[in-house]
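Visitor:
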Amino acid sequence: MENLFYFLASLTLLCALMVVISKNPVHSILFLIITFFTISAHYILLNAQFLAVVNIIVYAGAIMVLFLFVIMFLSVGKNERDLETSAMTKVAGTIAGGLLFVVMFAALKDAHVGTFDAENYNSQIGMVENLGKVLYTKYLLPFELASVLFLVAMVGAVMLGKKETGERHF
Amino acid sequence: MESVDLIYRGIFILVIFGITLLIATYSTYFERKIAAFIQDRVGPNRAGPFGLLQPLADAGKLFFKEEFIPAKANKALFIIGPGIAMLVAGMSSAVIPFGDMLLVGGREIWLQAIEVNIGVLYVFGIVSLGVYGLMIGGWASNNKFSLLGAIRAASQNISYELAMGLSLIAVIMMTGSLSLREIAEQQQGFNWNIWYQPLGFILFLVCAFAETNRTPFDLPESEAELIGGYHTEYGSMKLGMYLFAEYINIFVVSAVMSTLYFGAYNFPFMENLRSAISDPVLANNVVTIVGVAVMFAKIFAFIFFFMWVRWTLPRFRYDQLMKLGWQILIPLAILNVVLTGGAILLKDYLF
Amino acid sequence: MEPLSNRSKKVQKREMTFAERAYLPAIAQGLGITLKHFFKKKATINYPEQTRERSDIWRGLHVLKRDENGAERCTACGLCAVACPAEAITMIAGERKAGEEHLYREEKYAVTYEVNMLRCIFCGLCEEACPKAAIFLQDDKLAPARYERDEFIYGKDRLVEPLKTTETK
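Chains as they are written, first to last, in numbering that gives the first Met the number 0: chain A, 0 to 169; chain B, 0 to 350; chain C, 0 to 168.
What follows is the structure in structure tokens.
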């Protein structure tokens, strides 16, 4: 099991790295999809099947399809000139990356890894029944608030996409 | 897990995979036969008796055709595309309960490859991945028509996945389980979900047509406007894999529909049959085997329905497709969820 | 515009009923029609095993007849070629030598006689024109499909009726 974990973890990191390194945006997206799959595999290792499948359905199955869709429409990377970056961009990128590193370091400096308690560990915690119970009792308010947030986003999208009176599309 | 169990699982997975491939192969034959019969023709009848060897001849032809990769295509992705389509199609039949339990030598053998407590979601997740094969292949061909086909496939699949998921939720609310085996067990005898969820079934059926890219929703491969859609540039067995994946998808969707709405391996009077045989082990085995036959009969009926519809209905226009998905099916599915919830509450209140 | 016959009907665009808008009843109706065709008798004729029934006066492949002694009837008069509306027939005439009386009935005969089956329209006018009753269109043979264009130019080797050598009667 341990070897499997290390294999998956290194695969995840490698693919995540390839997302950034790849020159072709479509390749980036495909590597991102593989990253989601390996993350789902991690969930399965943690016996959280529901999270694993939902991760695949929502991220790999829907959001990434939309990403790919948009990138295919834009067809970036066809002309090489777009890929050349100016010195300004490089400097700005270095500064932004360094700042992110500082923030991460500051945030994780005092964090401690939770210890594994074999006695009290409930292996069924990630199962869909338990997850549902927790979501609808202990975390009911945040759950409902999140759904309200989605509703607001949806209404906003509908408002933006709505035809004005007298306006004609295609 | 015991090693015997493991070996049995391996054999069962291989058998299911073989059956899936066989059914997909012969679906091509039956597609042509049914098309011919509906158009008052005879169909393939030269290769073997009644043309039964036609699929083998077709496969042989596809294998021996020249492998062709367009010069400006993205070679790796061009090859991976049909592979993904095929892989994803072959994965989804893993959680479908093809039968109940067999008792062989005191050992319980479940006729299901993998039992997971989120079976419905697994199928749903895998189905949602199917579009990648189409998209990657369409984009990698570096052809405008392929790209348009791929984009159509993507937007169509995403739009209809929503309605499909919402129509599934009503069934899950009724059964209270995500496991396909449990859903099948709850539909004992003639107590099928279709009697409680007719609207949900129709929604699911329409979405299933859209998800498998079958007529009337076969816009990704509409030959009138897009030549061949996403597989315009494909030839030889790579094209064969795409077509094969489509037929496997039809098989899997038919199996899922039979499981969710038509009682899987359950058939009317199965308890009468069980009690008619005195030996309990024999009775169980007989009922299970008849159940497997019934399950496959249901699947074949659905496959026939898919083909029947294909040769009856014309293709939708793209804006009609989107309008149907977003403005009709999704509100109806939400209505169905609300109605089901209300009915469950009413039942709790009354009884 | 004034209506001429008063037979034109005013088309009224009425609102579709719910059943029409739901589209499902129409689909069911269509499925019924296709299912009816599924069980109908098939129109196909399985060609090599079965052949389409032909009329008695069907005009098929040409034949150059022989007389009762087995000599060719054609005298290469060219009337068939003149009559042919598609100009499919050509021939070269030759004089019969001594000792060839059993081969050719008249003193003049066709050295070559070619019918281009790609041009021929199987009208039967050659048959009508022939004064010697030499050319006929058979009712049981067709000019089959071939791969090369020159194969459609039928010479005497394929047109002349075979000799009935084995016939003992």
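Note that CB positions come from ideal geometry on N, CA and C, so glycine has one too.
Residues in its own chain within less than 8 Å of LEU272(B) by CB, not counting five upstream and five downstream?
Guide: In the second sequence, the residue the question calls residue 272(B) occupies position 273. Same-chain partners within the cutoff: ALA282, VAL285, VAL286 and VAL289.
Visitor: What residue from PHE77(B), PHE189(B) and SER154(B) has the CA that sits closest to GLY137(B)'s CA?
Guide: Against the second sequence, residue 137(B) aligns to sequence position 138. Answer by Cα proximity: PHE77(B).
Visitor: Return the residues of the region 41–61 of chain A that lie within a Cβ-Cβ distance of less than 8 Å from chain B, sorted by chain order.
Guide: GLN48, PHE49, VAL52, VAL53, ILE55, ILE56, ALA59, GLY60 and ALA61
Visitor: Strictly below 7 Å CB to CB, what residues from chain B border THR43(C)?
Guide: Taking the first residue of the third sequence as position 1, residue 43(C) is located at position 44. Per Cβ cutoff of 7 Å: ARG40 and VAL41.
Visitor: Quick one: grab the DSSP three-state call for GLY69(C).
Guide: Locating residue 69(C) in the third sequence gives position 70, counting from the first residue. The answer is coil: DSSP assigns GLY69(C) none of H, G, I, E or B.
Visitor: Indicate whether the contact test is met: 3 or more Cβ pairs, each with one atom in the region 152–171 of chain B and one in the region 96–103 of chain A, closer than 8 Å.
Guide: no
Visitor: Run the CB neighbour count on LEU73(A), radius 10 Å, all protein chains shown included, and call it buried at 16 or more, exposed below.
Guide: Stepping through the first sequence from its first residue, residue 73(A) is reached at position 74. Its Cβ having fewer than 16 others within 10 Å, LEU73(A) is exposed.
Visitor: Is the shortest distance between the beta-carbon of SER154(B) and the beta-carbons of chain A less than 9 Å?
Guide: Translated into the one-based positions of the second sequence, residue 154(B) becomes position 155. Chain A contact via Cβ: present.
Visitor: Can you name the start and end residues of the alpha helix (DSSP H) that ALA133(C) belongs to?
Guide: Sequence index remark: in the third sequence, residue 133(C) carries index 134 (1-based). No alpha helix (DSSP H) contains ALA133(C), which DSSP labels as neither H nor E.
Visitor: Counting only beta-carbon separations shorter than 9 Å, does LEU187(A) have a partner in chain B?
Guide: The structure shown does not extend to residue 187(A), since chain A is modelled only from 0 to 169, so the question has no answer here.
Visitor: So, helix, strand or coil for ILE68(B), using DSSP?
Guide: Taking the first residue of the second sequence as position 1, residue 68(B) is located at position 69. ILE68(B) falls in the coil class under three-state DSSP.
Visitor: Does DSSP put ALA42(C) in a helix, in a strand, or in coil?
Guide: Along the third sequence, one-based indexing puts residue 42(C) at 43. Coil, per DSSP.
Visitor: Taking Cβ positions, are ALA88(B) and ALA244(B) nearer each other than 9 Å?
Guide: One-based indexing of the second sequence puts residue 88(B) at position 89. One-based indexing of the second sequence puts residue 244(B) at position 245. Closer than 9 Å, so yes.
Visitor: Please classify TYR348(B): does DSSP put it in a helix, a strand, or coil?
Guide: For the purposes of this step, residue 348(B) is taken as the residue at position 349 of the second sequence. Three-state DSSP puts TYR348(B) in a helix.
Visitor: Select from ALA162(B), ILE182(B) and GLY228(B) the residue whose C-alpha is nearest the C-alpha of LEU133(B).
Guide: Looking up residue 133(B) in the second sequence gives position 134. Of all alpha-carbon atoms in ALA162(B), ILE182(B) and GLY228(B), the one lying nearest the alpha-carbon of LEU133(B) is that of GLY228(B).
Visitor: Looking only at its chain, what residues have a beta carbon closer than 7 Å to the beta carbon of PHE350(B), apart from the 5 residues adjacent to it on each side?
Guide: On the second sequence, position 351 is the one that residue 350(B) refers to. None.
Visitor: Quick one: using the 10 Å Cβ neighbour count with 16 as the cut-off for buried, is GLY31(C) buried or exposed?
Guide: As a working note, residue 31(C) is residue 32 in the third sequence. It is exposed - the Cβ of GLY31(C) has fewer than 16 other Cβ atoms within 10 Å.
Visitor: Distance check for ARG118(C) and ALA85(C), CA to CA, integer angstroms please.
Guide: Position 86 of the third sequence, counting from 1, holds the residue named residue 85(C). Position 119 of the third sequence, counting from 1, holds the residue named residue 118(C). Cα to Cα, ALA85(C) sits roughly 6 Å from ARG118(C).
Visitor: Please decide whether PHE68(A) counts as near chain B, where near means a Cβ-Cβ distance under 9 Å.
Guide: Taking the first residue of the first sequence as 1, we reach residue 68(A) at position 69. Closer than 9 Å to some Cβ of chain B, the Cβ of PHE68(A) qualifies, so yes.
Visitor: Looking at chain B, which residues of the region 19–33 of chain A have a Cβ within less than 9 Å of any of its Cβ atoms?
Guide: ASN23, VAL25, HIS26, LEU29 and ILE32
Visitor: Do the region 223–238 of chain B and the region 4–21 of chain B touch if we need at least three Cβ pairs shorter than 8 Å?
Guide: no
Visitor: Less than 9 Å separating the beta-carbons of ILE124(A) and ALA47(A)?
Guide: As a position in the first sequence, residue 124(A) is number 125, starting the count at 1. As a position in the first sequence, residue 47(A) is number 48, starting the count at 1. Yes. Within cutoff.
Visitor: Do you know how far the Cα of PHE37(C) is from the Cα of HIS61(C)?
Guide: Within the third sequence, numbered from 1, the residue matching residue 61(C) stands at position 62. Within the third sequence, numbered from 1, the residue matching residue 37(C) stands at position 38. Each residue's Cα considered, the two are about 41 Å apart.
Visitor: Have a look at ILE6(B) and LEU102(B) and give me their C-alpha separation to the nearest angstrom.
Guide: Position 7 of the second sequence, counted from the start, is the residue given in the question as residue 6(B). Position 103 of the second sequence, counted from the start, is the residue given in the question as residue 102(B). Whole-angstrom Cα-Cα distance: 17 Å.
Visitor: Using 9 Å as the limit for Cβ to Cβ distance, is PHE354(B) near chain A?
Guide: Any question about residue 354(B) goes unanswered here, given that chain B covers just 0 to 350.
Visitor: PHE17(C) CB to nearest chain B CB: under 9 Å?
Guide: Working through the third sequence from its first residue, we reach residue 17(C) at position 18. With 9 Å as the cut-off, PHE17(C) does not count as an interface residue toward chain B.
Visitor: When you compare each of ILE70(A), LYS132(A), PHE104(A) and ALA145(A) to ALA153(B) by their alpha carbons, which one comes out closest?
Guide: Your numbering for residue 153(B) matches position 154 in the second sequence. Of the candidates ILE70(A), LYS132(A), PHE104(A) and ALA145(A), the residue whose Cα lies closest to the Cα of ALA153(B) is ILE70(A).
Visitor: Could you pull out every residue in the same chain whose Cβ sits closer than 7 Å to the Cβ of LYS168(C), ignoring the five residues on either side in sequence?
Guide: Here residue 168(C) is taken as the residue at index 169 of the third sequence, counted from 1. Residue placement at LYS168(C) is flagged as unreliable, the pLDDT there being 45, under the threshold of 50; a coordinate-derived value is accordingly withheld.
Visitor: DSSP state of ALA93(B), grouped into three classes?
Guide: Within the second sequence, residue 93(B) is the residue found at index 94, counting from 1. Residue state, collapsed to three classes: helix.
Visitor: So, for PHE301(B): in the same chain, excluding its five sequence neighbours on each side, which residues have a beta-carbon less than 7 Å away from its beta-carbon?
Guide: One-based indexing of the second sequence puts residue 301(B) at position 302. Here the set comprises SER253, MET256 and SER257.
Visitor: Which residue marks the beginning of the alpha helix (DSSP H) containing ASN283(B), and which one marks its end?
Guide: The residue given as residue 283(B) occupies position 284 in the second sequence. That run of the alpha helix (DSSP H) goes 279–309.
Visitor: Please report the distance separating the alpha-carbon of LEU146(B) from that of ILE68(B).
Guide: If you number the second sequence from 1, residue 146(B) lands on position 147. If you number the second sequence from 1, residue 68(B) lands on position 69. Between LEU146(B) and ILE68(B), the C-alpha separation is close to 16 Å.
Visitor: Please determine if the region 43–62 of chain B and the region 215–229 of chain B are in contact, where contact requires at least 3 C-beta pairs separated by less than 8 Å.
Guide: no
Visitor: Give the secondary structure of ALA149(B) by DSSP, where H, G and I count as helix, E and B as strand, and everything else as coil.
Guide: Stepping through the second sequence from its first residue, residue 149(B) is reached at position 150. Helix, per DSSP.
Visitor: Contact criterion: CB-CB distance below 9 Å. Does PHE36(B) meet it with respect to chain C?
Guide: Reading the second sequence from its first residue, position 37 is the one you call residue 36(B). Closer than 9 Å: yes.
Visitor: Please report the residue range of the alpha helix (DSSP H) in which LYS132(A) lies.
Guide: Numbered from 1 along the first sequence, position 133 holds the residue referred to as residue 132(A). Counting along the chain, LYS132(A) sits inside the alpha helix (DSSP H) bounded by residues 127–136.
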